[in-house]
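Below: the structure, in structure tokens.
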Amino acid sequence: MKVVTFHLNSAQLILFILTTAFFTCFGQEPEQLKIQLAKLENGKKIDQYLKIGTLYAEKYGLADSLLLYADYALTLSNKINNQRGINKSLFHQAIALEQKGDFKASLVILHEIIPSVKKLDDSILEGDVYNHLGFCYYATNDNEHAVEFFLKAVKIFDREKYYDGLAFSYCKLSALFSSENQADDAVLYKNKARNLITKISDPYTKMTLYNSLSGLYTQIQVDDRSLNYLDSTIYCAKKALVLMKELGYYPRASQIYNSISDAYFMKAEYAKSLEYCKESFKYRSYLLPGEIIMSYLKYSDCSNLLGNHTDALIYLDSVKIEVDRIKDVYYEMAYYERVYEYNKVVGNFEVALEGLQRLKFLQDSVFDVEKSASINELNQKYQKVENEKKISELNKENELAALNVKFLIVGIIITILVIVIIVFFYRQSVLKNKFKLLETEQRLNRARMNPHFFFNALASIHALSEVDTKQKDVPRLIAKFSKIMRQSLESTYDELVSIEEEIDFIQNYIELQKTRYPSKFDYEIIFSDNLALDELKIPSMLLQPFIENTIEHGFKNIGHKGMLSIGFYMESTQLKVVCKDNGEGIKSTDSIKSYPSRATQIVRERLLLLNEQYKSSASFELVNHQNTGVEIIVFLPFLK
Numbered sequence: 011m012k013v014v015t016f017h018l019n020s021a022q023l024i025l026f027i028l029t030t031a032f033f034t035c036f037g038q039e040p041e042q043l044k045i046q047l048a049k050l051e052n053g054k055k056i057d058q059y060l061k062i063g064t065l066y067a068e069k070y071g072l073a074d075s076l077l078l079y080a081d082y083a084l085t086l087s088n089k090i091n092n093q094r095g096i097n098k099s100l101f102h103q104a105i106a107l108e109q110k111g112d113f114k115a116s117l118v119i120l121h122e123i124i125p126s127v128k129k130l131d132d133s134i135l136e137g138d139v140y141n142h143l144g145f146c147y148y149a150t151n152d153n154e155h156a157v158e159f160f161l162k163a164v165k166i167f168d169r170e171k172y173y174d175g176l177a178f179s180y181c182k183l184s185a186l187f188s189s190e191n192q193a194d195d196a197v198l199y200k201n202k203a204r205n206l207i208t209k210i211s212d213p214y215t216k217m218t219l220y221n222s223l224s225g226l227y228t229q230i231q232v233d234d235r236s237l238n239y240l241d242s243t244i245y246c247a248k249k250a251l252v253l254m255k256e257l258g259y260y261p262r263a264s265q266i267y268n269s270i271s272d273a274y275f276m277k278a279e280y281a282k283s284l285e286y287c288k289e290s291f292k293y294r295s296y297l298l299p300g301e302i303i304m305s306y307l308k309y310s311d312c313s314n315l316l317g318n319h320t321d322a323l324i325y326l327d328s329v330k331i332e333v334d335r336i337k338d339v340y341y342e343m344a345y346y347e348r349v350y351e352y353n354k355v356v357g358n359f360e361v362a363l364e365g366l367q368r369l370k371f372l373q374d375s376v377f378d379v380e381k382s383a384s385i386n387e388l389n390q391k392y393q394k395v396e397n398e399k400k401i402s403e404l405n406k407e408n409e410l411a412a413l414n415v416k417f418l419i420v421g422i423i424i425t426i427l428v429i430v431i432i433v434f435f436y437r438q439s440v441l442k443n444k445f446k447l448l449e450t451e452q453r454l455n456r457a458r459m460n461p462h463f464f465f466n467a468l469a470s471i472h473a474l475s476e477v478d479t480k481q482k483d484v485p486r487l488i489a490k491f492s493k494i495m496r497q498s499l500e501s502t503y504d505e506l507v508s509i510e511e512e513i514d515f516i517q518n519y520i521e522l523q524k525t526r527y528p529s530k531f532d533y534e535i536i537f538s539d540n541l542a543l544d545e546l547k548i549p550s551m552l553l554q555p556f557i558e559n560t561i562e563h564g565f566k567n568i569g570h571k572g573m574l575s576i577g578f579y580m581e582s583t584q585l586k587v588v589c590k591d592n593g594e595g596i597k598s599t600d601s602i603k604s605y606p607s608r609a610t611q612i613v614r615e616r617l618l619l620l621n622e623q624y625k626s627s628a629s630f631e632l633v634n635h636q637n638t639g640v641e642i643i644v645f646l647p648f649l650k
């Protein structure tokens, strides 16, 4: 036998050892592990099956493969009557079902194995079971049971000094409390998870923990508007990115890149946001359809904000392809809103109008708001203009036929020029008037319920759903949140509602806002004892624009806790409504002054229509207390 010898210098030897160690720990592929199966005994073969399945799931995002190899392990465990192997195999089946989004099936398996796991005194596995029970309950909106099992897992992991499981339990508790608007508890558990990073040596676990922390920092940013947390989001995500590239675990790559992109977008650094969003598309094969759409939307938004309007419209074409593929109404609404806004910016008014019409149609279909009359009227008038144009041209042609040949050419030219000019200016006037009508209605809708508020809340839900699972449930979570939106919009059916209904709407709206700013402000609603709340009528959502301005701008930079007071009183022959806050007041700069001007313009137009309809003298006044708040006083007639 011929012996071949290799001569390595010291540097080469060190490199060889480090490379071998890395691939032994983290670089193994499923096929390598399969080759080793034949040499293993039954107990070790069970663990090898589970290791292969876990590698498929974590490195390649193949939950079905984990389910398959967990079944192989379960079959062998039953064959040799290995109860520990049965427990571990069933546990991994539950994880695979969890990754596939079948949380109810996962819950059944996890509850089933608890007695056996306790009997064998397998503490770490028991803690893992509790941890995943908590996550499944959290994913199915049963936060009460989720907290119970997360805390059970924490107790076991803390006792056993198992820091990997402890860190993830802390992360999940932080996400849960954040969703419940308990900011102090959310920050507490987030900090506990962060403090455990130095005690974790496994690179994959550390990568996943950094990724989870990045999502938590983003969620806290939504709540308290701290830019420092955005820097922490970027820091943690980039740490996760480095480890991901070292390990080659790419299913999480797009999620990590998008976390960084989202943070830069919220910091208004749109060039960097676009850069990282493009990087995420290198791993498009791991993206869900909804994530692809959100990435393209971010492409378009960043390009538009950077002034690259042509690129913004090109990216919208890509969004349209994906939206047509998955047929989701919420993504369609996001797409058509940008079609309207971005085409309007570049002067494509016809395309913008089509986008606005489609957006309104989708809003009506989702929220059951029948407001398509103005759009139908616009289409009818547009067709009428076209028909009149054709009739006019035909009449001119008939008249010109009787004219002298000498004047025929001159007459045709003059007539055509006159028609073109008249039609052009008339058409432009019609389009502008209808745009003004539609935009006024759109401003009313937006003033009643700020879409950016819902965008932030949906982004919050989106970030929470990314914890240790794929993003299949994002549309479902958004659909759940739409029920809250629907409740707020139902009062738009009637122009007048009872004071009691208006108070109920105001309370619901403010409570929604308090989920975004849980510790920012308090409020009170006062009314005279002699008011017939269920009989007297007022214009629906009259105070909402002022309440929104108070919360979004009046309380934005104050150093004390805000207080919003809303009162309904009888004064002589009129109803007096007062909305008062202790915010920073309206400053003199144009950028800030523009916010209340929109609200006051909308309310002024509504009161004008009310006075014309009921021959009343409704009015309002705005009193600005510089640096100490704003007081809105509205006088309304008694209507029943």
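First residue of the sequence shown: 11, per the working numbering; consecutive thereafter. Glycine residues also receive a C-beta, built at the ideal position from the N, C-alpha and C atoms.
For Phe630, the pairing in a beta bridge is given by DSSP as Val644. Counting only runs of 3 or more residues that sit fully inside the segment 566-596, the beta strand (DSSP E) segments are 572-581 and 584-591, in chain order. For Glu534, the enclosing beta strand (DSSP E) covers residues Phe531 to Phe537. Boundaries for Ile548: no alpha helix (DSSP H) harbours it, while the beta strand (DSSP E) harbouring it runs Lys547 to Pro549, taken from the DSSP string. Distance from the CA atom of Ser550 to the CA atom of Glu512, rounded to whole angstroms, is 6 Å. Straight-line measurement puts the Cα of Ile432 at about 24 Å from the Cα of Glu364. Secondary structure at Ser508: strand, using DSSP grouped into helix, strand and coil.
With fewer than 16 other beta carbons inside 10 angstroms of its own, Asn91 counts as exposed.
In the three-state reduction of the DSSP assignment, Leu541 falls in the coil class, being assigned neither a helical nor a strand state. Judged by their CB atoms, Leu326 and Tyr345 are nearer to each other than the 8 Å cut-off. Approximately 12 Å separates the beta-carbon atoms of Leu553 and Val507; this is outside 8 Å, ruling out the contact. About 6 Å separates the Cβ atoms of Leu60 and Ala80, confirming a contact at the 8 Å cut-off. When beta bridges are read from the DSSP output, Leu649 appears opposite Lys547. Each of Lys277, Gln265, Ile336 and Leu107 was checked against the Cα of Ser305, and the nearest Cα belongs to Gln265.
Per the DSSP secondary-structure output, Gly639 pairs in a beta bridge with His635.
Taken through DSSP and simplified to helix, strand or coil, Pro528 comes out as coil. A residue is called buried once 16 or more other Cβ atoms fall within 10 Å of its Cβ, and Leu618, having fewer, is exposed. The beta-carbon separation of Leu253 and Pro299, rounded to 27 Å, does not stay under the 8 Å limit for a contact. Three or more Cβ pairs closer than 8 Å define a contact, and the segment 174-182 meets that threshold against the segment 202-212. Here the alpha carbons of Ile302 and Cys312 stand approximately 15 Å from one another.
If only complete runs of 4 or more residues are kept, the segment 138-186 shows the alpha helix (DSSP H) at 153-170, in order along the chain. Of all alpha-carbon atoms in Lys69, Glu68 and Lys89, the one lying nearest the alpha-carbon of Lys55 is that of Lys89. Here Glu351 carries a helix assignment [DSSP, helix/strand/coil]. Non-local C-beta neighbours of Ser87 in its own chain, meaning closer than 7 Å and more than five positions away in sequence, comprise Ile56, Gly95, Ile96 and Ser99, ordered along the chain. Burial check for Arg616: the Cβ neighbour count within 10 Å reaches 16 or more, so the residue is buried.
Distance from the Cα of Ala322 is smallest, within the candidate group Arg294, Leu427, Phe167 and Leu284, for Leu284. For Arg348, the number of other beta carbons within 10 angstroms of its own is at least 16, and it is reported as buried. Spatial neighbours of Ser184 in its own chain (CB-CB distance under 7 Å, excluding positions within 5 residues in sequence) are listed in chain order as Ala196, Tyr199, Lys200, Ala203 and Leu226. Sequence-distant partners of Asn353 (beyond 5 residues in either direction) whose C-beta falls short of 6 Å from its own C-beta, in its chain, are Val361 and Ala362.
Distances from the CA of Glu351 to each of Gly144, Leu307 and Met276 were compared; the closest alpha carbon is that of Leu307.
Between the beta-carbon of His142 and that of Leu120 there is about 6 Å, and that keeps the pair under the 8 Å contact cut.
In this chain, the alpha helix (DSSP H) harbouring Phe556 covers Gln554 to Asn559. Ile424 is classed as exposed because its beta carbon has fewer than 16 other beta carbons within 10 Å across all chains shown. Remark: C-beta atoms of Tyr527 and Ile557 do not approach each other more closely than 8 Å. In the structure shown, Asp132 falls within a coil segment according to DSSP collapsed to helix, strand and coil.
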